[in-house]
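What follows is a short report on a single structure.
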Amino acid sequence: MDESTTLESSPFFRVYDLQTARSQRPSIHPAPHQSEALRALEAWADANDAPSGGILVLPTGGGKTFTACHFLCRKMLSSGFKVLWLAHTHHLLEQAYYGLERLTGLVAEPQRELRARVVSGTIGHFPIRSIQASDDFIVASLQSVSNAVRNNHKSIDDFIASANGKLCVVFDEAHHAPAPSYRGLLEQLRARVANLRLLGLTATPTYTDEKKRGWLKKLFPQGILYQVTPKELMAAGILSRPILEEAATDVEPDFTDRDYDQWVGTHRDLPESIVTSLASNRNRNEVIANCYVAQRERYGKTIIFADRWEQCEQLCEALALRGVRAGAIYSHVDAPTHGVEARRRRTAAENHQVLSDFRNGDLEVLVNIRMATEGTDVPSVQTVFLTRQTTSQILLTQMIGRALRGPRFGGTESAYIVSFIDNWRQRINWASYSQLPDVEADDSTRELGKRPPVRLISIDLVRQLARQLDSGVNINPGPYKSFLPVGWYRVEYFALVAGTDDVEPVSQLILVFEDDVEPLRNLLEYLKTAAPPEFADDTLVLTDVQDWICETRSQFFGKAPQRVGNGLDEDIFSLARHVGQSEGQLPTFFSFDARNDHDLDAIANQHVVMDLGDRAKTAALKAEYTRTDRFWRSIYYTFPLFKSHYDACINRILDADDCDANVSEHRPTFTSPESVPFSEPSDAIKESVKSRDGYRCLCCGYDKHRSQLQVDHISPTYFGGDNHFDNLQTLCRTCNGAEGKAIEHISFRNHQTTLTSAPTRLRQGRMPSGSRAKDPIWWEMYLRRTINLFYRCAAVDYVEIGARGDRLRTWTVDLFSGNDPQWIEPYLRGLLHSIREARENEGYLPAPDTLLVDE
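Throughout the sequence shown, residue numbering follows the working numbering, covering 717 to 1571 in sequence.
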């Protein structure tokens, strides 16, 4: 059964007609600083140094993408070079791809066409196998290219060979290039292309880490080719001065602890269900509209970044009712989630008239979805509204850049960046302005870590208070200061965003409490020399190293009482990733210098000694809560919360003994003759495969809920596997997402392994937890999955696990003939130990005593 559905052509492959493009030379000309940068870049290209590598440093809003594309078109592509543009996320890839469009007319004769393509794991982008030797300009994710080069993928090999030694590699966000995995890729490319030109783009060219400075110099031996600071561009009227503001929505998102636990390690932005819930909250959208109306004269022309088309409509409606002229643009229609054919339709739905009205001043507010990456030119914007927080530093940077055009280019001297803040119950590592060192604004943008992370502190304190109130006894179980951190470590590493090709730079703060100081210090000294090598891998997830995390926790923290702040495993994991990826460099520690100023016990004790009456006590407490030199209002977002924790301090003291251009006239300069080879089989084929396989997972046997079943490629699409019926199999979500399976040829339709020697590792994976840890059915599925993945086939014939007695003590696994049980024998003891520990941790009898595997 073969795929027969006709696919729409993809916007992410273009063949530019350069003759048409040359007749429409770009109307946008370089700014003075960009002209200086272009002269420096051309001089570098002409010098032909070997090895050749230099860095262009321009601040956010300074036009790095425009300047680089201008140089590439006018110089490198015109000289017969091919371009490989590397970036971490799909946001950056699309920004570069769309930035090329208006500049292709600069490519010199005699070249007649230019083939440009976007390659990544993002839906709609092309897979690595689609790269053609005839392509000229590839914009690709680092993850895709790293894997392809490591695996000697023919498509990337052919593209590199087709350049005939004339390849220009652009590394976006070049300050990340010294990371071991990225510098390894660049060194491999340089070894394969003797005359390779490497151009780095960044707003942050320096490191305090001497080792990283050394690697930056080695990768880019000509150093900084051109640099200009934000202050210089503001003085020249090219950039506006950002003024950062926050607005409270007073909305508490419905983000359960269970949902949070499933999401927190994925490094994705917020779950889609939470985003939809916030976006469709009419009262919340009214708050956003009211915020604009209250400051309408000051905010002026405003772009509002929204998440859903419903939100765009609600905001426009709310603003119109308040007399504001607003319009909406949906940069892309949100992909429907039901059915493969629906997901293939990723059509642009931009309303050019709305954009034109906004440009001409007929509209005051432009509401949009995902306009940040699409190269849309919108001058004279004075304000940007960010309707929700994001965990993506790159996306935040792009949205802020929309407001930073200065008066020299139709913008304003000052730009307002307004963020809308919800009341979150969980610790979330939000992207922040303090992580944008090139944005010069107020004290709130100080280096991450130097400003106390009051929101993180607030979450822990409010959760502690909630536990006390839920218990019916509002008495602090210990001194108030024990709930305040003594400081925090700043960790930085790269992490693959689950289910994508995006690699996000992560910067987060690890709170350190009194009982943590020595254990964490000892742990870090240990990690300097003993961190497992896998922690350098940006694809690592916590479950991959759960056993190591448990052993390390026990070694350094023992079986101490529950830690203040919780999340110890996640903190150990983050610290190890920082050390692993920075090659032994320890994270920076910051002390909480204002800790003693926030001792609520001291205030409560003072009031007890003074024997204040209720009215006097409340008045004194309100005066303390509103002090401008304290963080109380940030820690407790309402006075009643502050008062409740104060009461808990009072109760502890008193009960001490008891508790310790015109768009319509523009002619396209390109065609899009190719479609993305869609790697997902049709719904009809999926249903046929599931029916053939009996609606059960061929790896573990799961058959409870059909919605959890997926259709998997036996020969991965990454290596050209197709959607033929015989190349498909039914797996559950867990088995389909198992580590390493995505790029291996594993058929669970076969009962005999094709391996010729024993695997060197048994991946234990996530074990049953909660009530499932008692259920033999879940343990049978776990053993089938673990052992079948080990043998790379459906090797398990029969599993016997009893619910009680001798059958509970001995678990037996029978293998199909042709699968050597001695291969797995060395790993059974460790597997047995982990199973017993998992059951015991959930409060069940540790079992089994014996785990037998036989043929």
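For glycine and all other residues, C-beta sits at the position ideal for the given N, C-alpha and C.
In DSSP terms, what residue i is bridged to
i: valine 1083; result: Ile1020 and Ala1044
i: valine 1097; result: According to DSSP, valine 1097 bridges with nothing at all.
i: tryptophan 1204; result: Leu1227 and Phe1306
i: proline 1221; result: Phe1210
i: valine 1512; result: Leu1531
i: serine 1135; result: Glu962 and Leu1102
i: phenylalanine 1435; result: None, per the DSSP bridge assignment.
i: glutamine 1426; result: Leu1447
Buried or exposed (CB count within 10 angstroms, at least 16 for buried), residue i
i: methionine 1326; result: exposed
i: proline 1277; result: Low per-residue confidence applies at proline 1277: pLDDT is 49, beneath 50, and the placement is therefore not dependable enough to give any value.
i: aspartate 1570; result: exposed
i: aspartate 1565; result: exposed
i: histidine 804; result: buried
i: threonine 965; result: buried
i: alanine 877; result: exposed
i: lysine 1338; result: exposed
i: aspartate 1330; result: exposed
i: arginine 1501; result: buried
i: glutamine 1114; result: buried
i: glycine 837; result: buried
i: arginine 1162; result: With a pLDDT of only 46 at arginine 1162, under the threshold of 50, the placement of this residue in the model should not be trusted; the figure read from the coordinates follows. Classification of arginine 1162: exposed, given that the 10 Å Cβ count is below 16.
i: aspartate 762; result: exposed
i: glutamate 1013; result: exposed
i: serine 726; result: buried
i: glutamine 1069; result: exposed
i: glutamate 1460; result: exposed
CB contact flag (residue i, residue j, <7 Å)
i: leucine 1172; j: arginine 1143; result: yes
i: asparagine 1443; j: isoleucine 1430; result: yes
i: alanine 1022; j: isoleucine 1110; result: no
i: valine 1097; j: alanine 1044; result: no
i: asparagine 1139; j: glutamate 1396; result: no
i: valine 1515; j: glutamate 1541; result: no
i: glutamate 758; j: lysine 791; result: yes
i: phenylalanine 1101; j: isoleucine 1020; result: yes
i: proline 1389; j: valine 823; result: no
i: serine 871; j: isoleucine 839; result: no
i: glycine 815; j: arginine 741; result: no
i: isoleucine 1004; j: threonine 1128; result: no
i: asparagine 1190; j: aspartate 1363; result: yes
i: leucine 1316; j: tyrosine 1196; result: yes
i: threonine 1469; j: tyrosine 1498; result: no
i: isoleucine 1137; j: glutamate 1002; result: no
i: serine 1147; j: threonine 1099; result: First, the residue type needs correcting, since residue 1147 is alanine and not serine in the sequence shown. Going by C-beta atoms, alanine 1147 is not nearer than 7 Å to threonine 1099.
i: phenylalanine 1464; j: cysteine 1415; result: yes
i: proline 1537; j: leucine 1531; result: yes
Whole-number beta carbon distance between residue j and residue i, since they are thought to touch under 8 Å
i: alanine 893; j: leucine 932; result: 7 Å
i: tyrosine 1560; j: alanine 1489; result: 6 Å
i: proline 767; j: arginine 906; result: 6 Å
i: aspartate 1409; j: threonine 1446; result: 4 Å
i: isoleucine 1366; j: serine 1290; result: Their Cβ separation, rounded to whole angstroms, is 37 Å, which puts isoleucine 1366 and serine 1290 out of contact at 8 Å.
i: glutamate 1558; j: glycine 1486; result: 6 Å
i: glycine 1203; j: phenylalanine 1306; result: 5 Å
i: leucine 1505; j: valine 1529; result: Actually they do not touch by this definition, with Cβ atoms about 14 Å apart.
i: glutamate 948; j: lysine 1017; result: Not really, about 25 Å apart at Cβ, beyond 8 Å.
i: alanine 753; j: threonine 783; result: 5 Å
i: alanine 747; j: proline 958; result: Actually they do not touch by this definition, with Cβ atoms about 18 Å apart.
i: valine 1170; j: serine 1350; result: 4 Å
i: glycine 881; j: alanine 910; result: 6 Å
Closer than 6 Å: residue i CB and nearest the ligand NAD heavy atom
i: valine 886; result: With respect to the ligand NAD, the structure offers nothing, as it holds no ligand at all.
Touch test, the segment 985-1001 against the segment 1024-1031, Cβ-Cβ under 8 Å, three pairs minimum: By the C-beta criterion, the segment 985-1001 is judged to be in contact with the segment 1024-1031, since at least 3 inter-stretch pairs fall below 8 Å.
Stretch-stretch touch, CB-based, cutoff 8 Å, three pairs: the segment 769-783 with the segment 951-970: Yes: at least three Cβ pairs fall under 8 Å.
The segment 841-856 / the segment 796-811 touching (three or more Cβ pairs under 8 Å): With the cut-off at 8 Å, the segment 841-856 and the segment 796-811 touch.
Cβ pair count under 8 Å reaching 3, the segment 1311-1325 against the segment 1221-1238: Two segments are said to touch when three or more pairs of C-beta atoms, one from each, lie closer than 8 Å; by this definition the segment 1311-1325 does not touch the segment 1221-1238.
The segment 909-920 touching the segment 874-891, judged by at least three CB pairs closer than 8 Å: By the Cβ criterion, the segment 909-920 is in contact with the segment 874-891, since at least three pairs of Cβ atoms, one from each stretch, lie closer than 8 Å.
Any 3 or more C-beta pairs closer than 8 Å across the segment 1234-1242 and the segment 1210-1224: No: fewer than three Cβ pairs fall under 8 Å.
Validate contact between the segment 813-830 and the segment 726-740 using beta carbons, cut 8 Å, 3 pairs: Inter-segment contact for the segment 813-830 and the segment 726-740 is present: three or more beta-carbon pairs are separated by less than 8 Å.
Given 8 Å, three or more beta-carbon pairs between the segment 1292-1305 and the segment 1240-1248: Contact holds: three or more Cβ-Cβ distances are below 8 Å.
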